[in-house]
Amino acid sequence: MAMTLEEFTKKSEGIRRNFRKGQTKPAEIVVGMGTCGVAAGAQDVYDTLINEIKRLDLAVTVTPVGCIGMCEQETLVDVVREGQGRVTYGRMTPEKMKRVLQEHVIGGRVVEDLVVGNLEGDEEQPYPGLDFYRKQKRWVLNKCGFLDPEKMEEYLGYGGYQGLVKALSEMTPEQVIEEVKKSGLRGRGGAGFPTGTKWEFARKSPGNKKYIICNADEGDPGAYMDRSVLEGDPHAVIEGMIIGAYAIGANEGYIYVRAEYPLAVHRLEIAIKQAEEWGLLGDRILGTEFGFHLHIKQGAGAFVCGEETALMASIEGERGMPRTRPPFPAQKGLWGKPSNINNVETFANIPLIIRNGGAWYASVGTEKSKGTKVFALTGKIANTGLVEVPMGITMREIIYDIGGGIKDGKRFKAVQIGGPSGGCLPESLLDTPIDYDSLTQAGAIMGSGGLVVLDEETCMVDLARFFMSFAASESCGKCTPCREGTKRMLEILTKITEGKAVMEDLDKLEHLALVVKDASLCGLGQTAPNPVLTTLRYFHHEYEAHISEKKCPAGVCQSLIKYQVIPEKCTACGKCQRACPVGAITGKGREIRFIEIDRCIKCGACYAACPFDAIAKV
Amino acid sequence: MSGHDNTEAKSRGIEDILTGYQGRPGALIPVLQETQEVFGYLSRENMEKIAGALHIPFSKVYGVATFYAQFHLKPRGRNIIRVCLGTACHVRGGEKILDAVSKELNIKPGETTKDLQFTLERVACLGACGLAPTLMVNNETHGRMKPENVPALIQNYRGRDREETAVH
Numbered sequence: 067m068a069m070t071l072e073e074f075t076k077k078s079e080g081i082r083r084n085f086r087k088g089q090t091k092p093a094e095i096v097v098g099m100g101t102c103g104v105a106a107g108a109q110d111v112y113d114t115l116i117n118e119i120k121r122l123d124l125a126v127t128v129t130p131v132g133c134i135g136m137c138e139q140e141t142l143v144d145v146v147r148e149g150q151g152r153v154t155y156g157r158m159t160p161e162k163m164k165r166v167l168q169e170h171v172i173g174g175r176v177v178e179d180l181v182v183g184n185l186e187g188d189e190e191q192p193y194p195g196l197d198f199y200r201k202q203k204r205w206v207l208n209k210c211g212f213l214d215p216e217k218m219e220e221y222l223g224y225g226g227y228q229g230l231v232k233a234l235s236e237m238t239p240e241q242v243i244e245e246v247k248k249s250g251l252r253g254r255g256g257a258g259f260p261t262g263t264k265w266e267f268a269r270k271s272p273g274n275k276k277y278i279i280c281n282a283d284e285g286d287p288g289a290y291m292d293r294s295v296l297e298g299d300p301h302a303v304i305e306g307m308i309i310g311a312y313a314i315g316a317n318e319g320y321i322y323v324r325a326e327y328p329l330a331v332h333r334l335e336i337a338i339k340q341a342e343e344w345g346l347l348g349d350r351i352l353g354t355e356f357g358f359h360l361h362i363k364q365g366a367g368a369f370v371c372g373e374e375t376a377l378m379a380s381i382e383g384e385r386g387m388p389r390t391r392p393p394f395p396a397q398k399g400l401w402g403k404p405s406n407i408n409n410v411e412t413f414a415n416i417p418l419i420i421r422n423g424g425a426w427y428a429s430v431g432t433e434k435s436k437g438t439k440v441f442a443l444t445g446k447i448a449n450t451g452l453v454e455v456p457m458g459i460t461m462r463e464i465i466y467d468i469g470g471g472i473k474d475g476k477r478f479k480a481v482q483i484g485g486p487s488g489g490c491l492p493e494s495l496l497d498t499p500i501d502y503d504s505l506t507q508a509g510a511i512m513g514s515g516g517l518v519v520l521d522e523e524t525c526m527v528d529l530a531r532f533f534m535s536f537a538a539s540e541s542c543g544k545c546t547p548c549r550e551g552t553k554r555m556l557e558i559l560t561k562i563t564e565g566k567a568v569m570e571d572l573d574k575l576e577h578l579a580l581v582v583k584d585a586s587l588c589g590l591g592q593t594a595p596n597p598v599l600t601t602l603r604y605f606h607h608e609y610e611a612h613i614s615e616k617k618c619p620a621g622v623c624q625s626l627i628k629y630q631v632i633p634e635k636c637t638a639c640g641k642c643q644r645a646c647p648v649g650a651i652t653g654k655g656r657e658i659r660f661i662e663i664d665r666c667i668k669c670g671a672c673y674a675a676c677p678f679d680a681i682a683k684v
Numbered sequence: 793m794s795g796h797d798n799t800e801a802k803s804r805g806i807e808d809i810l811t812g813y814q815g816r817p818g819a820l821i822p823v824l825q826e827t828q829e830v831f832g833y834l835s836r837e838n839m840e841k842i843a844g845a846l847h848i849p850f851s852k853v854y855g856v857a858t859f860y861a862q863f864h865l866k867p868r869g870r871n872i873i874r875v876c877l878g879t880a881c882h883v884r885g886g887e888k889i890l891d892a893v894s895k896e897l898n899i900k901p902g903e904t905t906k907d908l909q910f911t912l913e914r915v916a917c918l919g920a921c922g923l924a925p926t927l928m929v930n931n932e933t934h935g936r937m938k939p940e941n942v943p944a945l946i947q948n949y950r951g952r953d954r955e956e957t958a959v960h
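The following block contains the structure:
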């Protein structure tokens, strides 16, 4: 199907003109089939739907789509019916699906008690009626949840590959770079290096063999923005990469994706094959002189491979260890050739910038951080989900206006941003605007976009220990400060959570953290102390309580808590006794129960089992 | 595929895998990945054959195989259960899910049941944080887990294996 630029333009215009015409007659059903949706049971809902449609012989279209972002409400199913708009149903099950099919699709009556919202807006802000979407600006996620990610025609129908056509037909590589520079786009992987400048280095670097690489090794625990984009709109990333390859002069590229993301790998494989069939990948793309070949490399499970030089070592088949810089990848990267690495979200922004212009993109955001940023909003928050917001919005707006505040009426304690490389920010910093520089100043980093909200039941020392145990086990071992420093910090943190530390340990911890930050070879080690440093800075009193009072204020650290029955509340129902795995609870019949401290293993089973809140953690 | 003993078929298998990769740069990791997919783990014998065919020292093959969390040097179960202990799962009780699975199968994380039915592993993040706590059995992710739902979930996979539950 090799086509010239003109033929391709004509063909995709035709697809756009007739896109989805007649598909909603009599009805179209859209099912969210990202990993989150499937994890919540979307496959069963989908199978039920298909079987029922066959059984009832209905003429409806079923479209599987990627994630629209409302993870809290998964499984999501939309029904589009002529004259009734698009209605979204949440927390669907096969039984509820049958009901919706009968009452709404066949009967024409919306099943009000299952409705999450009416999709009345556009792709940028699909649900004007829902607080979750009101402050969002969905540019990168624009088509996630709208198009079928396994069909090229769907992406073209939404205007896909127009950015590439524009770049190839109207712009020189230098002009493409200029446009990206004008947009102010900075690397969405976390560090925030200006993308246009990075491309310029690679462009100017001498050599006729260059590589472009997409970093989809999303290893930060608590982050899944890249997975959602790859699953929901894979062609957007591929289009961004082809434009990038044209700009820097690369003819070969890799997408380095986590093996833990099988669905993303599967959809990328399909998308690459389609792009090859349509002549958008390969030699002489759309009849031009420019050729570009794209491969997928599956990561093998090493967090450090998110670091660009380690990632390149991994593609080469080596252990994923970072290299010293300079030379920078733009000078000497993959197999010694000039290379350029960008993150998934960065590439997904490129087609928009080229299509709409850098000035358009730069109209949103703050002075030094432009455009939008996707966050994975998780933890103890009412509405978990994938959100895309304009740069400059405050943390408070994201947590309260979009996220609906803290789950179960608990109190906010902190928000963790940037994963193991980031930091924990307290309530007093909630009005910090989301931009690269403000976050760095607060001791955190933008990171790739994980936002984990923590409430009063989270122990900040335990959390710092959690991240340090992650960093220590993921440290590649090449440089001493990171290899040894993370382990020693973990030991101190463990001592604190076990109530065995003394106050001098806190000074030692801080000193060590600063050394590791300054002296480590790569980003992993340089940022690994951030969770420790920010919790020491903003939650010092919690460390002190663990050390001097031997108490864990949040009731998390097992060595420092005891379970006790509150006699006034106990109704002698005996549920705790049956739940206790070690028989540590005594009392018979109508007697108030008693927990024998010596036998208690502090598993918390009684605490969870008691229906009267009669068991306390002290 | 793993857990069956058919040495002859396996020895043909490794050669088949290798022919596709000889002379290609950066082949080591994909070869190890494919070998593990077919055999379930990386035996010393297979790693030695890989070293020979790709003309690299055995020490390097071993170094790479032990560097990445994905590779396993011991036989693994027909079903792989990976309990997520990422940040969101950690604060929403992922450890309790891990304990429940561990108790149900009577093995510790990193171990395989005697009947080779299940291997239990911890994983840093599955990227389904919105549904925390989560776990993955083979290629299927399960969200909003509760310790009491673990036995039924495991029962559902007993007697199946990961080939049947692959994504496609």
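Sequence order for the protein chains is A and B. My numbering numbers the first residue of the first sequence as 67 and each following residue consecutively. My numbering numbers the first residue of the second sequence as 793 and each following residue consecutively. Think of the CB as a built atom: it goes at the ideal place given N, C-alpha and C, for glycine as much as any other residue.
Query, Result
"Neighbour flag for Phe441/A against chain B, beta carbons, 7 Å", "no"
"beta-carbon Ala508/A near the ligand ADP non-hydrogen atom, thresh 6 Å", "As for the ligand ADP, it is missing from this structure, which has no ligand bound."
"3 or more residues per run - each beta strand (DSSP E) lying fully within the region 405–453 of chain A", "405–409 and 438–445"
"Segment contact flag, the region 829–848 of chain B with the region 495–507 of chain A, C-beta cutoff 8 Å, min 3 pairs", "no"
"Closest residue to Gly367/A among Glu940/B, Val856/B and Thr827/B (Cα-Cα distance)", "Val856/B"
"Same chain, Cβ closer than 6 Å to Tyr182/A, five either side skipped, listed in chain order", "In the sequence as presented, Tyr is not what sits at residue 182/A; that position holds Val. Within the same chain, Val182/A has close Cβ partners Gln139, Thr154 and Gly156."
"Alpha-carbon spacing of His960/B relative to Pro215/A, whole angstroms", "Legend: pLDDT at His960/B = 36, less than 50; position of this residue unreliable, no value from coordinates given."
"Cβ neighbour criterion (16 or more within 10 Å) applied to Thr799/B", "Per-residue confidence for Thr799/B stands at a pLDDT of 46, beneath the threshold of 50, marking its modelled position as unreliable; the derived number appears in the next sentence. Flag for Thr799/B reads exposed."
"Contact with chain A by Phe850/B, beta-carbon distance below 7 Å", "no"
"Closest Cα partner of Thr600/A within the set Lys616/A, Gly151/A, Ala675/A and Ala480/A", "Ala480/A"
"Top-ranked residue by Cα proximity to Gly515/A, from Gln109/A, Thr238/A, Arg293/A and Leu213/A", "Arg293/A"
"Reference Thr127/A; option with closest CA among Thr563/A, Ala93/A and Lys553/A", "Ala93/A"
"Whole-angstrom C-beta distance between Val453/A and Met468/A, which should lie under 8 Å", "Inspection of the sequence shows that residue 468/A is occupied by Ile rather than by Met. Their Cβ separation, rounded to whole angstroms, is 6 Å, which keeps Ile468/A and Val453/A in contact under 8 Å."
"Val830/B at chain A interface by Cβ criterion, 7 Å", "no"
"contact_flag[the region 525–536 of chain A, the region 294–311 of chain A] where n(CB pairs < 8 Å) is 3 or more", "no"
"Pick from Asn408/A, Ala396/A, Leu575/A and Leu517/A that is closest to Gly451/A, judged by C-alpha positions", "Leu517/A"
"Whether Cys371/A touches Asp283/A by CB criterion (7 Å)", "yes"
"Reduced DSSP category for Cys280/A - H, G, I as helix; E, B as strand; rest coil", "strand"
"Of the residues Gly423/A, Met378/A and Lys363/A, the one placed nearest Gln825/B, counting alpha carbons only", "Lys363/A"
"Closer than 7 Å to chain B by CB, Arg385/A", "yes"
"Chain-ordered chain A contacts of Ala880/B [CB-CB under 7 Å]", "Gly288, Thr444, Gly445 and Val518"
"Proximity test, Cβ basis, 7 Å: Pro388/A and chain B", "no"
"Three CB pairs or more closer than 8 Å across the region 554–569 of chain A and the region 532–540 of chain A", "yes"
"Below-7 Å beta-carbon distance, Gly919/B vs any chain A residue", "yes"
"Under 7 Å between C-beta atoms of Ala396/A and Ser541/A", "no"
"Closest Cα partner of Gly509/A within the set Leu580/A, Glu657/A, Arg644/A and Cys548/A", "Leu580/A"
"Extent of the continuous beta strand (DSSP E) run through His359/A", "His359 to Gln364"
"Three-pair Cβ contact test at 8 Å for the region 867–874 of chain B versus the region 909–920 of chain B", "yes"
"Interface partners of Asn931/B on chain A, CB under 7 Å", "Pro328"
"Backbone CA spacing between Thr444/A and Arg350/A [nearest angstrom]", "44 Å"
"Rounded straight-line distance, which links the Cα of His170/A to that of Gly149/A", "13 Å"
"Where Ile889/B sits in the DSSP three-state scheme", "helix"
"Extent of the continuous alpha helix (DSSP H) to which Ala379/A belongs", "Glu374 to Ile381"
"Pairwise C-alpha distance: Glu657/A and Val440/A", "55 Å"
"C-beta neighbour in chain B for Ile381/A, strict 7 Å", "yes"
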